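For the sequence shown, the positions run 6 to 304 when the numbering used here is used. Okay, so here's the structure we're looking at.
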Amino acid sequence: MSNSFESTRATDVSQRPVLLVVAHPDDEILGAGIWLRRHARDGRHLLHITDGSPRDMQDARAAGFTTRRSYAAARRSELRAALKMVSIPRRNLHRCNYPDQEAYLHLPALIERVDRLVWELRPSLVISHAYEGGHPDHDSAAFAVAMVRRAMLRRLGRSFRHLEFPLYHAGATGEMITNEFVDGDSRAEVLDLSSAERDLKRRMLNCFRTQVQMLRQFCRDCERFRESPPYDFSRPPHLGLLLYERWGWGISGSVWREKACEAEVYMSRAEPRALSETCRPTVSPSSFSSPSWSSSEES
Ligand SMILES: [Zn+2]
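As C-alpha cells, this is what we get:
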C-alpha cells in the first residue's frame, strides 16, 4: 500500500512546491513528518495558522510558562528544531499567529491567507488536516484549504490536489481515536515507516518537549493520507459530541459551523475581488501550471 502511495505522489508532485496547512507546531510531524522527509527534493512550504498557545494559559502553565507569548515562542523553537531534521528552511515557514483554539474566529482572513500563498507558490499539492471534530483549529485548516480549492475550481476549472491526514477525533464512547479517519476509510493510503524512519519520527517528536504527554498517544509506525472528500462543513463530521466539545473548551461544533457558513458566504461574495488583487495580474489562470515558482519568506 505504501508503494502505491509513494509512486503516485512521486509522479504527481514532480519537483513542484508542496504546501502543508496545519493548525499547530507538531501537527506537521505527527501527520506528515516522514512524508516531508521522503519529498525532500520538492519545495516544501508550511503554513501554521495558530501560534499553538491557547489564551486560557492552561497548557502554558502546565509546561512551566508564565505568559502566552513565551509558550508560543517555545513551541516555535521546538518546531524549528524538528524541521531542521528534514531540512526545511525557515524561509519556507509561514504563519498566521492566531491564538490556539481561535482560528475559527478568523476564517475569512485565513482563507485569504491560504489563497495568497497558493497564488504565490502555485503548489501542485496542498496537504491539510481532515475535517474530524477533534480540534477546532484542525477543522479550520481543512476548511480554509477546501474553500480555496473550490473557488479555484469554480473560476479556473482546475486547482491543486488536496490530500489530508487524520490526527484525532472522538470515538463512540468519547475516547480519543488517533491516526484514523472518522469514517475509518480503508482506502486511505498508508506510508509504512522503516525502522530508520520511525527513529527519525521519534527524534522529531522529541523536539516538542512541551507536548510530551499529548504526543505519546499517537502512532509512530505509519502516516495515513487520502484525497480530501467534498465535505459539507455545515454538518458535523460525525454523530454525537465532538472531542473538543467533550473537552469543555467553551467552543461548540454548532458555533464553529456557523462561522464556517458565514465565511463561505463571505468568500463567495468576495471571490471576484480577491482574484483581482494586485498580486494576481502577474499570475494569469493559464500560468497556474507553469514550472517557475516564486519563493516566500517567513512572515
Ligand atoms: Zn494540532
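All C-beta atoms in this analysis are idealised placements derived from N, C-alpha and C, irrespective of residue type, glycine included. Note that the structure is a prediction, hence the values are computed from the model and not measured.
Sub-8 Å separation of residue i and residue j beta-carbons
i: I93; j: L51; result: yes
i: Y236; j: P113; result: no
i: E194; j: I39; result: no
i: L210; j: L220; result: yes
i: S129; j: R21; result: yes
i: H111; j: L172; result: no
i: H167; j: A151; result: yes
i: I54; j: V26; result: yes
i: R214; j: E83; result: yes
i: L248; j: A177; result: no
i: E267; j: S257; result: no
i: D142; j: H44; result: no
i: R192; j: R229; result: no
i: Q216; j: D31; result: yes
i: W261; j: Y103; result: no
i: R42; j: V91; result: yes
i: V119; j: A149; result: yes
i: S181; j: Q218; result: Reading off the sequence, residue 181 comes out as Met, not Ser. The answer is no: Cβ separation not under 8 Å.
i: A67; j: R73; result: no
i: V187; j: V153; result: no
i: R49; j: N97; result: yes
For residue j and residue i, believed in contact at Cβ under 8 Å, the rounded distance
i: C212; j: A86; result: 4 Å
i: F170; j: G36; result: 4 Å
Buried or exposed (CB count within 10 angstroms, at least 16 for buried), residue i
i: K264; result: buried
i: C224; result: exposed
i: Q106; result: buried
i: S273; result: exposed
i: S58; result: buried
i: L161; result: exposed
i: L158; result: exposed
i: D204; result: exposed
i: G253; result: exposed
i: S289; result: Because S289 carries a pLDDT of 35, less than 50, the predicted location of this residue cannot be relied on, and the following value inherits that uncertainty. Flag for S289 reads exposed.
i: S259; result: exposed
i: G255; result: exposed
i: S233; result: buried
i: K89; result: exposed
i: D144; result: buried
i: A279; result: Confidence at A279 is low in this model, with a pLDDT of 45, below 50, so its placement is unreliable and no value can be given for it.
i: K80; result: Here the sequence assigns Arg to residue 80, which means Lys is not the residue at that position. Classification for R80: buried.
Short CB-CB distance (under 8 Å) between residue i and chain E
i: G36; result: Here chain E cannot be found, since the structure has a single protein chain.
For the segment 233-250 against the segment 129-144, are there 3 or more C-beta pairs whose distance is under 8 Å? yes
Closer than 6 Å is what we want: which residues have a beta carbon that near any heavy atom of ligand 1? List them in chain order. A28, H29, D32, H140, H143
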